[in-house]
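Everything on this sheet refers to the single structure shown next.
2 protein chains.
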Amino acid sequence: MNYSEEKKEQLNADKKQMLIGLHLGNGYGSQQGAWRMPGVDPKSYTSFDARVKQAQAAERGKFQFIFLPDGPGAVLADIATEAPAFNLDVMLTLAAVARETQYIGLVATGSTTFNEPFNLARQFKALDVMSHGRAGWNAITSSGEDVAANYGKRIPSSEDRYGRAHEVIQLIQSLWGSWGKDAWIHNQETGEFANRNEILPINLQGKYVGSRGPLYIPPSEQGQPIIFHAGGSPNAYELAGRFANVVIGAAFTIEDAKAQRNAFRESAKSHGRNPDEIKYIAGLMTTIVKDRRTALDRRIQLAGDSLVQRLGYLQQMLGIPLNPSKVDEPLTKAQLDTARLSRYDPRSANALKIAQEGWSLRDILAHGVIDYHPVIVGPGVEAADHMQAWFEAGAADGFWISPDVNSDGIDAFVDEVVPILQERGIFHQDYEGRTLRENIGAPEQYGIDPRV
Amino acid sequence: MNYSEEKKEQLNADKKQMLIGLHLGNGYGSQQGAWRMPGVDPKSYTSFDARVKQAQAAERGKFQFIFLPDGPGAVLADIATEAPAFNLDVMLTLAAVARETQYIGLVATGSTTFNEPFNLARQFKALDVMSHGRAGWNAITSSGEDVAANYGKRIPSSEDRYGRAHEVIQLIQSLWGSWGKDAWIHNQETGEFANRNEILPINLQGKYVGSRGPLYIPPSEQGQPIIFHAGGSPNAYELAGRFANVVIGAAFTIEDAKAQRNAFRESAKSHGRNPDEIKYIAGLMTTIVKDRRTALDRRIQLAGDSLVQRLGYLQQMLGIPLNPSKVDEPLTKAQLDTARLSRYDPRSANALKIAQEGWSLRDILAHGVIDYHPVIVGPGVEAADHMQAWFEAGAADGFWISPDVNSDGIDAFVDEVVPILQERGIFHQDYEGRTLRENIGAPEQYGIDPRV
Ligand SMILES: Cc1cc2nc3c(=O)[nH]c(=O)nc-3n(C[C@H](O)[C@H](O)[C@H](O)COP(=O)(O)O)c2cc1C
Ligand SMILES: Cc1cc2nc3c(=O)[nH]c(=O)nc-3n(C[C@H](O)[C@H](O)[C@H](O)COP(=O)(O)O)c2cc1C
Numbered sequence: 001m002n003y004s005e006e007k008k009e010q011l012n013a014d015k016k017q018m019l020i021g022l023h024l025g026n027g028y029g030s031q032q033g034a035w036r037m038p039g040v041d042p043k044s045y046t047s048f049d050a051r052v053k054q055a056q057a058a059e060r061g062k063f064q065f066i067f068l069p070d071g072p073g074a075v076l077a078d079i080a081t082e083a084p085a086f087n088l089d090v091m092l093t094l095a096a097v098a099r100e101t102q103y104i105g106l107v108a109t110g111s112t113t114f115n116e117p118f119n120l121a122r123q124f125k126a127l128d129v130m131s132h133g134r135a136g137w138n139a140i141t142s143s144g145e146d147v148a149a150n151y152g153k154r155i156p157s158s159e160d161r162y163g164r165a166h167e168v169i170q171l172i173q174s175l176w177g178s179w180g181k182d183a184w185i186h187n188q189e190t191g192e193f194a195n196r197n198e199i200l201p202i203n204l205q206g207k208y209v210g211s212r213g214p215l216y217i218p219p220s221e222q223g224q225p226i227i228f229h230a231g232g233s234p235n236a237y238e239l240a241g242r243f244a245n246v247v248i249g250a251a252f253t254i255e256d257a258k259a260q261r262n263a264f265r266e267s268a269k270s271h272g273r274n275p276d277e278i279k280y281i282a283g284l285m286t287t288i289v290k291d292r293r294t295a296l297d298r299r300i301q302l303a304g305d306s307l308v309q310r311l312g313y314l315q316q317m318l319g320i321p322l323n324p325s326k327v328d329e330p331l332t333k334a335q336l337d338t339a340r341l342s343r344y345d346p347r348s349a350n351a352l353k354i355a356q357e358g359w360s361l362r363d364i365l366a367h368g369v370i371d372y373h374p375v376i377v378g379p380g381v382e383a384a385d386h387m388q389a390w391f392e393a394g395a396a397d398g399f400w401i402s403p404d405v406n407s408d409g410i411d412a413f414v415d416e417v418v419p420i421l422q423e424r425g426i427f428h429q430d431y432e433g434r435t436l437r438e439n440i441g442a443p444e445q446y447g448i449d450p451r452v
Numbered sequence: 001m002n003y004s005e006e007k008k009e010q011l012n013a014d015k016k017q018m019l020i021g022l023h024l025g026n027g028y029g030s031q032q033g034a035w036r037m038p039g040v041d042p043k044s045y046t047s048f049d050a051r052v053k054q055a056q057a058a059e060r061g062k063f064q065f066i067f068l069p070d071g072p073g074a075v076l077a078d079i080a081t082e083a084p085a086f087n088l089d090v091m092l093t094l095a096a097v098a099r100e101t102q103y104i105g106l107v108a109t110g111s112t113t114f115n116e117p118f119n120l121a122r123q124f125k126a127l128d129v130m131s132h133g134r135a136g137w138n139a140i141t142s143s144g145e146d147v148a149a150n151y152g153k154r155i156p157s158s159e160d161r162y163g164r165a166h167e168v169i170q171l172i173q174s175l176w177g178s179w180g181k182d183a184w185i186h187n188q189e190t191g192e193f194a195n196r197n198e199i200l201p202i203n204l205q206g207k208y209v210g211s212r213g214p215l216y217i218p219p220s221e222q223g224q225p226i227i228f229h230a231g232g233s234p235n236a237y238e239l240a241g242r243f244a245n246v247v248i249g250a251a252f253t254i255e256d257a258k259a260q261r262n263a264f265r266e267s268a269k270s271h272g273r274n275p276d277e278i279k280y281i282a283g284l285m286t287t288i289v290k291d292r293r294t295a296l297d298r299r300i301q302l303a304g305d306s307l308v309q310r311l312g313y314l315q316q317m318l319g320i321p322l323n324p325s326k327v328d329e330p331l332t333k334a335q336l337d338t339a340r341l342s343r344y345d346p347r348s349a350n351a352l353k354i355a356q357e358g359w360s361l362r363d364i365l366a367h368g369v370i371d372y373h374p375v376i377v378g379p380g381v382e383a384a385d386h387m388q389a390w391f392e393a394g395a396a397d398g399f400w401i402s403p404d405v406n407s408d409g410i411d412a413f414v415d416e417v418v419p420i421l422q423e424r425g426i427f428h429q430d431y432e433g434r435t436l437r438e439n440i441g442a443p444e445q446y447g448i449d450p451r452v
């Protein structure tokens, strides 16, 4: 092999690759109408079979993790016509998935505000052991009054929420580490079950929570679960910079994502960490269908009447009156010329860009311009292009994907987007290992981080 | 068919049958030495495969339920030589078992003292949905300071523990019932997901806990999980009489068990319930081997040195000095004549009875006379006789079995004891249905009991 070939291989091996996660919410998919789509089991909300199948589809696509957000318990939907937003129970679902997958990471939200830390510590570590080192804990503070009401409480101040979160995460990492790496002897010959000197109480007592410990669970194949975080306030940067290896983000533009990613990296640095230890994962919603027109029609079918009801909001984004009786016509040249982007909504520029391409009002809305993440409605290459552009601009270390409808939307992504990313060398061909730490490139961890 | 044959069939059909549960603790078995036995996987403590296999063995034997006690988190053992007493995580274990069994009930302890009730409600109901109606919640108050220390707390007074327990169970049953029986429409044609009028907040606020709800989980095939209880104080009778369908008991003699059973039945009556709605389940530890001698040898192998270390305690039970250098000899006639039973230990009479049969000191101990439930060390028929005697004396509605070593002890019980009980007509030939309520004979339940 000549010099330049060697060099090329070298470059390819060094090439940074993105991470991909799958958002598994209520099980139907991210579009409100998903539960009604032909081919969808309307009882999918309570179907653990369906959840397992969806995780297996993501594993086929070599996704690094599945992510289950959680209130817990809030519905965030009009239950008369919409499915609850969250999973029935995130830990039991991940337990089922753990038994029926082999590589994919298992990540769920666990509120630091409304859980006893010992209980959280135990369940995530047990999941980590059960999955042979694939657990991740999205350690967030709860901010919804509807969630607080499930506990007969109000949402505490931001200071108290984050104060407690710092204590809870530290305490839980200590409990995870209370059973040392080589503590478990289980030698049937000598009768030594464990090395008592390597199983230590933690004796933490803070302002908000305390625990003596130890936690009687030996380390998993990755040591202990990985900390994820999701949030965008200065307090969130501070918490994630201290503890998190992965941030589940939400940003509409490359500029916004870059700014968020940098803020998390700076915070990690200020805690003495290498900023590459914290991965910023941007959101992406997908309707992957062979061509744009067919994809838009699928979105129109999914949304039903609710699509046109959003015209008023589009009007605000573009700063021009829109006529509901002309939903199937594009904007006129006069309308396009007088459009003024809303300062309050970062999605406005994208909406105008789509409008300028000449799509009808209905089609503009079907592009998902008012959804809560960037949306790809079209063939796989459009998603691949979006992801590559963000990734190479330093706006994200990866993406968490919310398919429109899970039952076929995960497969569509796996079959139509993943191969393109792999061909371009920006997504791995196969899992690097069996643990989540190996697959996202985080070091093993035993005990708490000595720097904190 | 003539009158008497008809009558006989009638009698058999009416014949009361006992319930059987399997105690699944740390996974090795109830004897301390179980983890060291040949054929036992020394890593069974963290093996969900092993736990599933054990539950499947019990299901082959038509056991009505498996029962996982929980601290949570206390070890109750000298970790240097013994395995922790409890399961890694009871809910994740039951989730794994739920996916890989079809009929057996899934029961775990959940502390009313150290859990947020909303979290408990959600996990048990999700387990109930996941298992298609097979969940039971052993609602106890925590009484160990080692458990409290995991939460940075002390054990509250009995009054506060039981005061909170009453509120927690009521609140949880209300949350379970907050999604009415027919609330979930999921009609893809009409687009009606759920009947909003049948999904109601619970708006409970007590002295100890509160919740607005609702819980967004539809009913399972049995409506909602069954309440179990375990405890023996007047407060426990009161709590169980109000809420429980099953009591996990501990008694050494028929008289004691009868008294306990009656106390629970009286308490149920005082709450306006039919006393048959509460089943008292007595404990039984088993070493089932073809003959007594081989069974004793197995126990001796299991116990190792720890057996003879208990001689001092046997001495107290019998009120006579015992010579450690003569452990392989039976008691002399003079010793037997002067023995005085300890007033403080109800197990003493049984110990003396065994001693009078002429067994050596080592063999007396190997009979398990100091274990924490009655123990059968011998062929299956001895267990069947014990169970029949207690059952027919009205001392128990069933038994929870703690095999010495799970890896072969469950199969031994299933193969050697169950067929005898079935032949005698006092244990069912097959599951009555798919739900735990069907299999223990409890009515479906939606919402909270209107009488409370
Ligand atoms: C992408 C993303 C995902 C989130 N996922 C959850 C979640 O699963 N559960 C939750 O309670 N909050 C979730 N949050 C909310 C945050 O944890 C946080 O409470 C919220 O952003 C309010 O921010 P602040 O508390 O820092 O002011 C998420 C936020 C973002 C941006
Ligand atoms: C057979 C039996 C099983 C029990 N199982 C548990 C258990 O799994 N977890 C637990 O914390 N306590 C358990 N207990 C303890 C009781 O819940 C209770 O706390 C204890 O008996 C003290 O009684 P009191 O609190 O009524 O005074 C059990 C008790 C009995 C008799």
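The listed protein sequences derive, respectively, from chains Z and W. Letter by letter, the first sequence follows residues 1 to 452 of the UniProt record's numbering. Letter by letter, the second sequence follows residues 1 to 452 of the UniProt record's numbering. Backbone N, C-alpha and C define an ideal beta-carbon position, used for all residues, glycine too. It should be emphasised that the depicted structure is a prediction, and the values quoted were computed from it without experimental measurement.
CB contact below 7 angstroms: residue i versus chain W
i, result
"histidine 166(Z)", "no"
"tyrosine 151(Z)", "yes"
"phenylalanine 118(Z)", "yes"
"proline 42(Z)", "yes"
"arginine 310(Z)", "no"
Contact with chain Z by residue i, beta-carbon distance below 7 angstroms
i, result
"threonine 435(W)", "no"
"arginine 154(W)", "no"
"threonine 81(W)", "yes"
"arginine 451(W)", "Bear in mind that the predicted position of arginine 451(W) carries a pLDDT of just 41, short of 50, making it unreliable; the figure below should be weighed with that in mind. Chain Z contact via Cβ: absent."
"phenylalanine 124(W)", "no"
"methionine 1(W)", "Only weak support exists for where methionine 1(W) lies, its pLDDT of 44 falling under 50; the coordinates are left without a value."
"threonine 141(W)", "no"
"leucine 302(W)", "no"
"proline 84(W)", "yes"
Interface partners of residue i on chain Z, CB under 8 angstroms
i, result
"lysine 181(W)", "In chain order: nothing, as chain Z lies at least about 14 angstroms away."
"tryptophan 35(W)", "His186, Gln188 and Phe193"
Residue i - DSSP class collapsed to helix/strand/coil
i, result
"alanine 263(W)", "helix"
"asparagine 119(Z)", "helix"
"tryptophan 176(Z)", "helix"
"lysine 125(W)", "helix"
"glutamine 205(Z)", "strand"
"isoleucine 140(W)", "strand"
"serine 407(W)", "helix"
Closer than 7 angstroms at the beta carbon, the chain W residues around residue i
i, result
"glycine 213(Z)", "Asn150"
"alanine 88(Z)", "The question names alanine, yet the displayed sequence has leucine at residue 88(Z). By Cβ distance, chain W contributes Ala126, Val129 and Ile217."
"phenylalanine 114(Z)", "Glu116"
"proline 443(Z)", "Per Cβ cutoff of 7 angstroms: no residues; proline 443(Z) is ~22 angstroms from chain W at best."
Residues that residue i contacts on chain Z, provided the C-beta gap is smaller than 9 angstroms
i, result
"lysine 219(W)", "Before going further, note that residue 219(W) is proline rather than lysine in the sequence given. By Cβ distance, chain Z contributes nothing, its closest Cβ being about 10 angstroms from proline 219(W), past 9 angstroms."
Partner residues on chain Z for residue i, Cβ-Cβ distance less than 7 angstroms
i, result
"threonine 46(W)", "Val129 and Pro218"
"isoleucine 199(W)", "Ile79"
"glycine 210(W)", "Gly152"
Contacts of residue i in chain W (Cβ-Cβ under 8 angstroms)
i, result
"glutamine 205(Z)", "Gly152"
Query - Three CB pairs or more closer than 8 angstroms across the segment 131 to 143 of chain Z and the segment 203 to 221 of chain W - result: no
**Report entry** Nearest-residue set for ligand 2, Cβ under 7 angstroms from any heavy atom
**Finding:** Pro69(W), Asp70(W), Gly71(W), Thr109(W), Ser111(W), Asn138(W), Ile140(W), Thr141(W), Ser142(W), Ser143(W), Gly144(W), Val147(W), Ser158(W), Arg161(W), Ala230(W), Gly231(W), Gly232(W), Ser233(W), Asn235(W), Ala236(W), Ile248(W), Gly249(W), Ala250(W) and Gly283(W)
Requested in this report: Give a yes or no on contact between the segment 330 to 344 of chain Z and the segment 352 to 361 of chain Z, applying the rule of three or more CB pairs nearer than 8 angstroms.
Outcome: The segment 330 to 344 of chain Z, when compared against the segment 352 to 361 of chain Z, does touch it at the 8 angstroms Cβ threshold.
Query raised in the report: Between the segment 405 to 418 of chain W and the segment 40 to 59 of chain W, are three or more C-beta pairs nearer than 8 angstroms?
Result: yes
Query raised in the report: Is the segment 106 to 123 of chain Z close to the segment 158 to 175 of chain Z, with three or more CB pairs under 8 angstroms?
Result: The segment 106 to 123 of chain Z is in contact with the segment 158 to 175 of chain Z.
Query raised in the report: Does the segment 24 to 43 of chain Z come within contact of the segment 180 to 190 of chain W, defined as at least 3 CB pairs closer than 8 angstroms?
Result: yes
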